[in-house]
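Residue numbers (the UniProt record's numbering): 1 to 279.
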């Protein structure tokens, strides 16, 4: 299809994101793009990694269809660029909303958390680990629907539920589970790494700050590896008993004790009054 590229709306670790218009249907889309010409002149592995990640993201998203996963619309490769077309989600990310408006009301946090878990359960049922879940990678529609995005380092595994599925350290340290940072490559990790990251995203919504706020990468890695500690609750965040329990479930040091996304969805903390609507 013919399309027109509009303004730049985001820069990820894997390429740039623009608003685009499908010239045939008039549909507004988002397009994620990598310039291949730059990579041809610069043979460093980082740039090649970017291309691989975008191709991988395209292959991963192609088969997915879920209201809480960003919708894939197409793929295009020519001499200059590599592009993935995705549905355009106009509300920004959870992270940008937190930056602009501060922490969320508790009912909104509950609704978003439930939806993130719904998308995650679907991914895990398709044998996909996201591995980079954070508020920056969750898009928001103005209606209050959340959509998980950024599948550049997600991973498809045949043995996703058996543990020891992966050993590569991928993701962003502040959102990482201890077993991802761990130096013991014989152990590996599984889908439960995404559950730890959910705990980190919920903490972001409670506090308006990233997990481990104010701490540098290296000390955080040491705390994760040596003590298997979760990110602390900032002093200005007051949590109910059920919220504390929910957090605890996400942050069990032993991944086998962390519940699946489907089990966490039934947690009492996520209950909303009947008839609740997003405003």
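For each residue, glycine too, the CB sits at the ideal point set by N, CA and C.
Would you report the Cα separation of residue i and residue j, rounded to the nearest angstrom?
| i | j | result |
| --- | --- | --- |
| residue 64 | residue 257 | 28 Å |
| residue 158 | residue 127 | The pLDDT assigned to residue 158 is 48, lower than 50, so where the model puts this residue is not dependable; a value taken from the coordinates is nonetheless given after this. If you take the alpha carbons of residue 158 and residue 127, they lie about 6 Å apart. |
| residue 27 | residue 259 | 39 Å |
| residue 52 | residue 8 | 22 Å |
| residue 95 | residue 75 | 27 Å |
| residue 189 | residue 230 | 17 Å |
| residue 54 | residue 36 | 12 Å |
| residue 205 | residue 139 | 14 Å |
| residue 16 | residue 50 | 11 Å |
| residue 242 | residue 88 | 35 Å |
| residue 78 | residue 255 | 43 Å |
| residue 216 | residue 10 | 25 Å |
| residue 18 | residue 81 | 13 Å |
| residue 120 | residue 130 | 8 Å |
| residue 165 | residue 180 | Low local confidence applies: a pLDDT of 44 at residue 165 is under 50, so the model's placement there is unreliable, and no value is given. |
| residue 274 | residue 34 | 45 Å |
| residue 244 | residue 116 | 19 Å |
| residue 136 | residue 97 | 10 Å |
| residue 167 | residue 66 | Unreliable positioning characterises residue 167 in this predicted model, as indicated by a pLDDT of 46, which lies under 50. The coordinate reading is nonetheless provided below. Each residue's Cα considered, the two are about 28 Å apart. |
| residue 93 | residue 187 | 33 Å |
| residue 250 | residue 232 | 13 Å |
| residue 246 | residue 48 | 40 Å |
| residue 162 | residue 132 | With a pLDDT of only 45 at residue 162, under 50, the local geometry of the prediction cannot be trusted, and the value read off the model is given with reservation. Their Cα atoms are separated by approximately 20 Å. |
| residue 222 | residue 277 | 42 Å |
| residue 152 | residue 240 | 36 Å |
Measure how close the beta-carbons of residue i and residue j come, nearest whole angstrom, since I'm counting them as under 8 Å.
| i | j | result |
| --- | --- | --- |
| residue 207 | residue 103 | 6 Å |
| residue 285 | residue 175 | With the chain covering 1 to 279 only, the question about residue 285 has no answer from this structure. |
| residue 23 | residue 31 | Incorrect: roughly 13 Å between the Cβ atoms, too far for contact. |
| residue 68 | residue 150 | Not really, about 14 Å apart at Cβ, beyond 8 Å. |
| residue 91 | residue 141 | 5 Å |
| residue 29 | residue 73 | 6 Å |
Identify which residue in the options has its Cα closest to the Cα of residue i.
| i | options | result |
| --- | --- | --- |
| residue 59 | 232, 220, 83, 242 | 83 |
| residue 213 | 76, 243, 173, 189 | 173 |
| residue 234 | 251, 242, 211, 221 | 211 |
| residue 218 | 204, 249, 182 | 182 |
| residue 124 | 72, 30, 191 | 191 |
| residue 154 | 194, 77, 216, 72 | 194 |
| residue 2 | 134, 239, 25 | 25 |
| residue 253 | 178, 34, 117, 32 | 178 |
| residue 85 | 5, 47, 68 | 5 |
| residue 279 | 106, 202, 248 | 106 |
| residue 237 | 202, 220, 221 | 202 |
| residue 122 | 93, 101, 70 | 70 |
At which residues does the alpha helix (DSSP H) containing residue i begin and terminate?
| i | result |
| --- | --- |
| residue 221 | 217-222 |
| residue 197 | 192-207 |
| residue 112 | 106-125 |
| residue 87 | Premise fails: residue 87 lies in the beta strand (DSSP E), 81-87, not in any alpha helix (DSSP H). |
| residue 148 | Residue 148 -> not in any alpha helix (DSSP H); beta strand (DSSP E) instead, spanning 146-148. |
| residue 261 | 261-265 |
| residue 99 | 94-101 |
| residue 181 | 178-181 |
What are the boundary residues of the beta strand (DSSP E) that residue i is part of?
| i | result |
| --- | --- |
| residue 74 | 72-77 |
| residue 140 | 138-140 |
| residue 24 | Looking at the DSSP string, residue 24 is not in any beta strand (DSSP E), and its letter there is neither H nor E. |
| residue 134 | Segment: none, residue 134 is in no beta strand (DSSP E) and carries neither H nor E. |
| residue 248 | Not the beta strand (DSSP E): residue 248 falls in the alpha helix (DSSP H), residues 241-250. |
| residue 4 | 3-11 |
Taking 8 Å as the cut-off, is the beta-carbon of residue i closer than that to any non-hydrogen atom of the ligand GDP?
| i | result |
| --- | --- |
| residue 268 | For the ligand GDP, the structure offers nothing, since it holds no ligand at all. |
ask   = How about the segment 255-266 and the segment 187-203: do they share at least three Cβ pairs that are nearer than 8 Å?
value = yes
message = Using a Cβ distance threshold of 8 Å, determine whether the segment 106-119 contacts the segment 131-146, with at least three qualifying pairs required.
response = yes
query = Do the segment 268-276 and the segment 225-232 meet, that is, are 3 or more Cβ pairs less than 8 Å apart?
reply = no
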